[in-house]
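Asker:
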Amino acid sequence: MKSKRLNTHDWDLTALYKSDDDPQIERDLQEISRVVSSYANKWRKRDDYLRDPEALLDALEEGEQIAARLGMEGKPGYYFGLKSNLDLNDPTIKARNNKINEVGKNNSNAIRFFRLNLGKISEAQQEIFLNSPKLKKYHRFLARLFKQAEHFLTDPEERVFSLLHPSAYSRWTEMVSGFLAKEERVVLLEDGKRSKTNYSKLHHVIFSKNKKVRDDAAAAINDILFQHVEVAENELNAILETKKVSDELRGYTRPDAARHLADDIDSTVVDALVDAVSKRFKIAHRYYALKARLLGVSKLAYHERSIKYGDIDHNYSYDKALDVVRSALSKVDEEFVEIFEKFVENGQIDVFPKKGKRAGAFCTMYLVSLPTYILLNHTDSFRDVTTLAHEVGHGINDELIKKRQPATYAHTPLATAEVASTFMEDFTVDELLKDADDELRLAVMVMKLGDDISTIIRQVAAYKCEQELHKEYRQRGYLSKEEIGNIFQEHMRSYMGPTVEQSPGSENWWVGWHHFRRPFYVYSYASGLLISKALQRKFRQEPTFILKIKEFLSAGSSVSPKNIFLALGIDIEDKAFWDQGLDEVEQLLRETEKLAKKLKKI
Numbered sequence: 043m044k045s046k047r048l049n050t051h052d053w054d055l056t057a058l059y060k061s062d063d064d065p066q067i068e069r070d071l072q073e074i075s076r077v078v079s080s081y082a083n084k085w086r087k088r089d090d091y092l093r094d095p096e097a098l099l100d101a102l103e104e105g106e107q108i109a110a111r112l113g114m115e116g117k118p119g120y121y122f123g124l125k126s127n128l129d130l131n132d133p134t135i136k137a138r139n140n141k142i143n144e145v146g147k148n149n150s151n152a153i154r155f156f157r158l159n160l161g162k163i164s165e166a167q168q169e170i171f172l173n174s175p176k177l178k179k180y181h182r183f184l185a186r187l188f189k190q191a192e193h194f195l196t197d198p199e200e201r202v203f204s205l206l207h208p209s210a211y212s213r214w215t216e217m218v219s220g221f222l223a224k225e226e227r228v229v230l231l232e233d234g235k236r237s238k239t240n241y242s243k244l245h246h247v248i249f250s251k252n253k254k255v256r257d258d259a260a261a262a263i264n265d266i267l268f269q270h271v272e273v274a275e276n277e278l279n280a281i282l283e284t285k286k287v288s289d290e291l292r293g294y295t296r297p298d299a300a301r302h303l304a305d306d307i308d309s310t311v312v313d314a315l316v317d318a319v320s321k322r323f324k325i326a327h328r329y330y331a332l333k334a335r336l337l338g339v340s341k342l343a344y345h346e347r348s349i350k351y352g353d354i355d356h357n358y359s360y361d362k363a364l365d366v367v368r369s370a371l372s373k374v375d376e377e378f379v380e381i382f383e384k385f386v387e388n389g390q391i392d393v394f395p396k397k398g399k400r401a402g403a404f405c406t407m408y409l410v411s412l413p414t415y416i417l418l419n420h421t422d423s424f425r426d427v428t429t430l431a432h433e434v435g436h437g438i439n440d441e442l443i444k445k446r447q448p449a450t451y452a453h454t455p456l457a458t459a460e461v462a463s464t465f466m467e468d469f470t471v472d473e474l475l476k477d478a479d480d481e482l483r484l485a486v487m488v489m490k491l492g493d494d495i496s497t498i499i500r501q502v503a504a505y506k507c508e509q510e511l512h513k514e515y516r517q518r519g520y521l522s523k524e525e526i527g528n529i530f531q532e533h534m535r536s537y538m539g540p541t542v543e544q545s546p547g548s549e550n551w552w553v554g555w556h557h558f559r560r561p562f563y564v565y566s567y568a569s570g571l572l573i574s575k576a577l578q579r580k581f582r583q584e585p586t587f588i589l590k591i592k593e594f595l596s597a598g599s600s601v602s603p604k605n606i607f608l609a610l611g612i613d614i615e616d617k618a619f620w621d622q623g624l625d626e627v628e629q630l631l632r633e634t635e636k637l638a639k640k641l642k643k644i
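Heads up, the sequence shown is in our numbering, so the first residue is 43 and it goes up one at a time.
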């Protein structure tokens, strides 16, 4: 049975508001501020919640109701945040967003005292709360809060940080991403015609098997990035400075420590992951050498590392992609299918590229009471099918959490955030391969290897690049675009190996890499895929294991990543665990090499 289809491929945001001018927007903002102010006035006058479990329970439950129903920016913030991703350069949307963000910051600042005061209680009082039966539901929340409190500043200092965040960080990143989203270039396309193409779509064109087409697109990207590299230099230095100041004031001993604490994962676990992957960079070296041989060249230009091999793009229209993903999900779990169908039927997926629209793809949720939304830039390619599956995986994860967790725990720790997405993506690849001949199978295996290497090995190289950027900035005080480019190329070269050229212009490709603007985020791609592979192994061996997988996907932040995986028989502190996943990637590489030889391609 096929999905019911809406006539639109655009987000239907009427579940939030009728239009940008809906008078309910202002009424909702006023209600949020009124409720938050009432909460702040009530609990600021009291200190019994710092001693009495019953009083603390009342405060936490009241706060949780606000978080579930309203949040700090509520539906207005969610609505205009989504709208801004559809047109990064609309000044009216930017203005509305900024005003709503200001309301959100004021609301957050108004109740910040609660967490700060609770974080200052004695260790003896902490133990009383942690062992109180009345507070059992909030044990995990309190344990994390007490740990994070070691790095809290005073209430006025935290307020200053919050108010300065836009000028020190987000206005910079919005500016550069907005500049890039505006850019268009006339380039050669597959049909032999030259056509104006936006920045987002250029990143699809460089996958072309036609060398003239991909080289022209790469030249256009290089030109765009060169035009903005000086601004990006200042942007990145502002981000590095903001992070340095924050870490120093909060007492973090290493640049990535705040990320690990926020993600509820020990630095030793991330270090073990990074070390294990770094020692296997030669998997990527072998892969790119194989790909060059398959393509009949001695070297790959930087932009050619992800070009298509073989004939895998049979014009996967969006409707066809929906059918493939639905079929794949039906072989895993029916509840997954039901969630997916609702995304499609309710207009929760924005599908096609448009000028000004944010590049790439993402899935987002805000309040547990509001819909999840997915953004794509679908261009009918094979890769777009797997991207749809990836983002739907995130969406399924979000919906399972919303069904089974209170607002306090209704988010996914970053260390595990990519597990569901890569899980669904891999089963979709299986679906695409089920009737494939050897030629198509080889092409898909080459693509899958490339994706695995990009998700695991490339992201670890990027993580190490970030580590060096922060280290060098703290030693030198400023990094020029040339210095940033050299550091970037050094780490790209380390994982790509000698077969991939660090071509002229590639030194600026960090300019468009959005994840560098979210410090140390990228390790989660590697951890997520390697953990996903472990769960896939267990599911393939025993399909009823999906029940345990759903427990994990439903857990949100109610259990630490370490403990939730121990319950699944996975020890993420064991370095050998990460090697098992890398062994699978290497095994796929061996099978791909073997099939290529069988078909006399190499």
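Even glycine gets a Cβ: it sits at the ideal position worked out from N, Cα and C.
Measure the C-alpha to C-alpha separation of Ser45 and Lys580 and round it to an integer number of angstroms.
Answerer: Here residue 45 refers to the residue found at position 3 when the sequence shown is read from its first residue. Here residue 580 refers to the residue found at position 538 when the sequence shown is read from its first residue. Confidence at Ser45 is low in this model, with a pLDDT of 47, below 50, so its placement is unreliable and the value that follows should be read with caution. Approximately 30 Å between the Cα atoms of the pair.
Asker: Excluding the 5 residues flanking Val271 on each side, which residues of the same chain have their C-beta closer than 7 Å to its C-beta?
Answerer: Reading the sequence shown from its first residue, position 229 is the one you call residue 271. These residues qualify, in order along the chain: Lys523, Asn550 and Val553.
Asker: Any idea what DSSP makes of Ile644, helix, strand or coil?
Answerer: Mapped onto the sequence shown, residue 644 falls at position 602. Reduced to three states, the DSSP call for Ile644 is coil.
Asker: Select from Cys507, Pro65 and Leu172 the residue whose C-alpha is nearest the C-alpha of Asp94.
Answerer: Walking along the sequence shown from the start, residue 94 turns up at place 52. With distances taken between Cα atoms, Asp94 lies closest to Leu172.
Asker: Determine contact between the stretch 560 to 578 and the stretch 497 to 512, defined as no fewer than three beta-carbon pairs at a distance below 8 Å.
Answerer: Yes, since at least three Cβ pairs between the stretch 560 to 578 and the stretch 497 to 512 fall closer than 8 Å, the two stretches touch.
Asker: Taking the C-alpha atoms as reference points, what is the distance between Val255 and Asp265?
Answerer: As a first step, residue 255 must be located in the sequence shown, where it is residue number 213. As a first step, residue 265 must be located in the sequence shown, where it is residue number 223. Looking at the two C-alpha atoms, the distance is approximately 16 Å.
Asker: Pull the bridge partners of Leu205 from the DSSP assignment, please.
Answerer: As a position in the sequence shown, residue 205 is number 163, starting the count at 1. Beta-bridge pairing links Leu205 to no other residue.
Asker: Which of the three DSSP states, helix, strand or coil, is assigned to Val229?
Answerer: If you number the sequence shown from 1, residue 229 lands on position 187. The answer is strand: DSSP assigns Val229 an E or B state.
Asker: Out of curiosity, what's the CA-to-CA distance linking Glu226 and Asn240?
Answerer: In the sequence shown, the residue the question calls residue 226 occupies position 184. In the sequence shown, the residue the question calls residue 240 occupies position 198. Approximately 4 Å, taken between the alpha carbons.
Asker: Among Trp555, Phe323 and Arg425, whose alpha-carbon lies nearest the alpha-carbon of Gly527?
Answerer: Stepping through the sequence shown from its first residue, residue 527 is reached at position 485. Per the Cα distances, Trp555.
Asker: Should Leu206 go down as buried or exposed, given a rule of 16 or more other Cβ atoms within 10 Å for buried?
Answerer: If you number the sequence shown from 1, residue 206 lands on position 164. Exposed.
Asker: Hey, how far is the Cα of Val379 from the Cα of Asp426?
Answerer: As a working note, residue 379 is residue 337 in the sequence shown. As a working note, residue 426 is residue 384 in the sequence shown. If you take the alpha carbons of Val379 and Asp426, they lie about 19 Å apart.
Asker: My guess is that Ile163 and Leu244 are in contact by the Cβ rule of under 8 Å, so how many angstroms apart are they, rounded?
Answerer: Looking up residue 163 in the sequence shown gives position 121. Looking up residue 244 in the sequence shown gives position 202. No, Ile163 and Leu244 are not in contact; Cβ-Cβ is about 54 Å, not under 8 Å.
Asker: Do you know offhand how far Gly105's Cα is from Tyr120's?
Answerer: The residue labelled residue 105 in the question sits at position 63 within the sequence shown. The residue labelled residue 120 in the question sits at position 78 within the sequence shown. The alpha-carbon atoms of Gly105 and Tyr120 are separated by roughly 19 Å.
Asker: Which residue or residues does DSSP assign as beta-bridge partners of Asn240?
Answerer: Numbered from 1 along the sequence shown, position 198 holds the residue referred to as residue 240. Asn240 is bridged to Glu226.
Asker: Under 8 Å Cβ to Cβ from Asp440, same chain only, skipping five residues before and after it: list those, please.
Answerer: Residue numbering aside, residue 440 sits at position 398 when the sequence shown is read from its first letter. If we look at Asp440 and ignore the five residues flanking it on each side, its Cβ neighbours are Cys405, Met407, Thr414 and Thr454.
Asker: Just to check my reading of the structure: Leu336 and Tyr358 have Cβ atoms closer than 8 Å, yes? What is that Cβ distance to the nearest angstrom?
Answerer: Along the sequence shown, read from residue 1 onward, the residue named residue 336 stands at position 294. Along the sequence shown, read from residue 1 onward, the residue named residue 358 stands at position 316. Going by Cβ atoms, the distance from Leu336 to Tyr358 rounds to 22 Å, so no, they are not a contact pair.
Asker: Along the chain, where does the alpha helix (DSSP H) containing Ile588 start, and where does it finish?
Answerer: As a first step, residue 588 is located in the sequence shown; it is residue number 546 there, counting from the start. Residues Ile588 to Ser596.
Asker: In three-state DSSP terms, what is Phe562?
Answerer: Here residue 562 is taken as the residue at index 520 of the sequence shown, counted from 1. Phe562: coil per DSSP, three-state reduction.
Asker: Let me know if Pro603 comes out buried or exposed under the rule of 16 or more other beta-carbons within 10 Å of its beta-carbon.
Answerer: Within the sequence shown, numbered from 1, the residue matching residue 603 stands at position 561. With 16 or more other Cβ atoms within 10 Å, it is buried.
Asker: On the CB-based measure, 16 or more other CB atoms within 10 Å of its CB, does Tyr520 come out buried or exposed?
Answerer: Numbered from its first residue, the sequence shown carries residue 520 at position 478. By the neighbour-count rule (16 or more Cβ atoms within 10 Å), Tyr520 is not buried but exposed.
Asker: At the level of alpha carbons, what is the spacing between Arg154 and Asp62?
Answerer: Residue mapping note: residue 154 aligns to position 112 of the sequence shown, counting from 1. Residue mapping note: residue 62 aligns to position 20 of the sequence shown, counting from 1. Those two C-alpha atoms are separated by around 30 Å.
Asker: Once DSSP output is grouped into helix, strand and coil, what is the label at Leu631?
Answerer: Mapped onto the sequence shown, residue 631 falls at position 589. It is helical.
Asker: Could you check what DSSP says for Tyr415 in three-state terms: helix, strand or coil?
Answerer: Numbered from 1 along the sequence shown, position 373 holds the residue referred to as residue 415. DSSP places Tyr415 in strand when its eight states are reduced to three.
Asker: Measure the beta-carbon distance from Val228 to Ala259 and round it to whole angstroms, keeping in mind my assumption that it falls under 8 Å.
Answerer: Here residue 228 corresponds to residue number 186 of the sequence shown, with the count starting at 1. Here residue 259 corresponds to residue number 217 of the sequence shown, with the count starting at 1. Incorrect: roughly 11 Å between the Cβ atoms, too far for contact.
Asker: Which residues mark the beginning and the end of the alpha helix (DSSP H) in which Phe385 is found?
Answerer: Working through the sequence shown from its first residue, we reach residue 385 at position 343. Phe385 -> alpha helix (DSSP H) spans Glu376 to Glu387.
Asker: Should Pro175 go down as buried or exposed, given a rule of 16 or more other Cβ atoms within 10 Å for buried?
Answerer: Position 133 of the sequence shown holds residue 175. The residue is exposed, with fewer than 16 neighbouring Cβ atoms inside 10 Å.
Asker: With DSSP as the reference, identify every bridge partner of Val486, one or two as the case may be.
Answerer: To locate residue 486, count along the sequence shown from 1; it is residue 444. In the DSSP output, where bridge partners are listed per residue, Val486 has none listed.
Asker: Expressed to the nearest angstrom, what Euclidean distance is found between the alpha-carbon atoms of Ser209 and Glu103?
Answerer: Here the question's residue 209 lines up with position 167 in the sequence shown. Here the question's residue 103 lines up with position 61 in the sequence shown. Using only the alpha carbons, I get a separation of about 34 Å.
Asker: Do Gly435 and Ala403 count as a contact pair if the criterion is CB distance below 8 Å?
Answerer: In the sequence shown, residue 403 corresponds to position 361, counting from 1. In the sequence shown, residue 435 corresponds to position 393, counting from 1. Going by C-beta atoms, Ala403 is not nearer than 8 Å to Gly435.
Asker: Which residue or residues does DSSP assign as beta-bridge partners of Val542?
Answerer: If you number the sequence shown from 1, residue 542 lands on position 500. Val542 pairs with Leu342.
Asker: Could you name the residues of the same chain whose beta carbon sits closer than 6 Å to that of Lys125, not counting the 5 residues immediately before and after it, in chain order?
Answerer: Along the sequence shown, read from residue 1 onward, the residue named residue 125 stands at position 83. The residues are Ile135.
Asker: Using the three-state DSSP reduction, which class does Ile391 fall into: helix, strand or coil?
Answerer: By one-based count along the sequence shown, residue 391 stands at place 349. Looking at Ile391 - three-state DSSP - the assignment turns out to be strand.
Asker: Rounded to whole angstroms, what is the Cα-Cα separation between Met43 and Tyr515?
Answerer: The residue given as residue 43 occupies position 1 in the sequence shown. The residue given as residue 515 occupies position 473 in the sequence shown. Caution is warranted here: a pLDDT of 42 is assigned to Met43, below 50, making its placement in the model unreliable, and no coordinate value can be reported.
Asker: On the three-state DSSP scale, how would you describe Thr454?
Answerer: Within the sequence shown, the letter at position 412 stands for residue 454. Correct three-state label for Thr454: coil.
Asker: Can you check whether the CB of Leu99 is closer than 8 Å to the CB of Val77?
Answerer: Taking the sequence shown and counting its residues from 1, the one referred to as residue 77 is at position 35. Taking the sequence shown and counting its residues from 1, the one referred to as residue 99 is at position 57. Not a contact, by the Cβ cut-off of 8 Å.
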